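I have placed the structure first, in the form of structure tokens, so that the comments after it can refer back to it.
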Amino acid sequence: MEGLSHEEKLRLSVLRDVSKICQEVGGQIKMELEKDVINLIGELIWKKMRVISQDLEHFAKHAKRTTINAEDVKLLTRRNPSLRATVCEMADKAAKKKRQGKEKATEELS
Amino acid sequence: MDVEDYDISKLTSKFKIEAIREVLKLHFVDSKTRITEDVLQLVAEVIRIITTEATLRASRQASIEGLVEVQILHVEKILPQLMLDFI
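Protein chains in written order, with the UniProt record's numbering: chain A, 1 to 110; chain B, 1 to 87.
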């Protein structure tokens, strides 16, 4: 890992996580994945992450914000209804948890 | 489990949140752009789902061709459609 740029290290880290996921899925459905297949999917995800970053930044900017929020991620998944539903469900759950945490804190205060 | 009835809730591997944060930061044009922890979790899940979907579609392509080993050409075949309809 010595001598690698920050970007290269991140790329390797993403590739490692992609590889873990691919191997696990492959094991579960009893399919063998060639090493090149995993590298290609890794490359694809790396490039996709760049597009996702820029899209999210632009969405936030369009809404005159500098902080990316859950609405931006929902907009990102607009073309895939089931993915959008998953994101909405996750975002709702996180928001609910946060609210409950706050209520608990105020209860303790009063 | 096979390709058609795959259940993603059984998948335990995840992306490292810190790595996702760094990659996003790397690609932001404006240094003022921020992202919160909750939203980062959403992005990580989206990326995890894309990874899984790519693996499953390539695997399905391989099994249609009667193979149990997924080769690079299977990924190449499913790639254009994945890029068009997935995200």
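Built from N, CA and C at the ideal position, the CB exists for glycine as well.
Just so we're clear, the structure is a prediction, and the values are computed from it rather than from any experiment.
Notebook entry, point to check: Using the beta-carbon count (16 or more within 10 Å), is B:L84 buried or exposed?
Noted result: Label assigned to B:L84: exposed.
Margin query: How far does the alpha helix (DSSP H) with A:N39 in it extend, from its first residue to its last?
Written below: 35-62 is the span of the alpha helix (DSSP H), which, as asked, contains A:N39.
Notebook entry, point to check: Within 8 Å (strictly less), CB to CB, does A:Q100 reach chain B?
Noted result: Residue contact check for A:Q100 against chain B: no CB pair falls below 8 Å.
Next item on the list: Could you check how far apart the C-beta atoms of A:I38 and A:V14 are, in whole angstroms? I think they sit under 8 Å.
Entry: 12 Å between Cβ atoms; not a contact.
Checklist line | Bridge-paired residues (DSSP) for A:T67 | finding: For A:T67, which the question treats as bridged, DSSP gives the partners B:R34.
Checklist line | Whole-Å CB distance - B:L40 paired with B:I64, under 8 Å assumed | finding: That belief does not hold up - the Cβ atoms of B:L40 and B:I64 are roughly 36 Å apart, past 8 Å.
Notebook entry, point to check: Hey, does A:L83 have any beta-carbon neighbour from chain B nearer than 8 Å?
Noted result: Cβ-Cβ to chain B under 8 Å: yes for A:L83.
Next item on the list: Going by DSSP, name the residue or residues bridged to B:E69.
Entry: DSSP lists A:E32 as partners of B:E69.
Notebook entry, point to check: Using DSSP with H/G/I as helix, E/B as strand and the rest coil, what is B:S63?
Noted result: It is helical.
Checklist line | Distance, B:R60 Cα to A:I21 Cα | finding: Between A:I21 and B:R60, the C-alpha separation is close to 17 Å.
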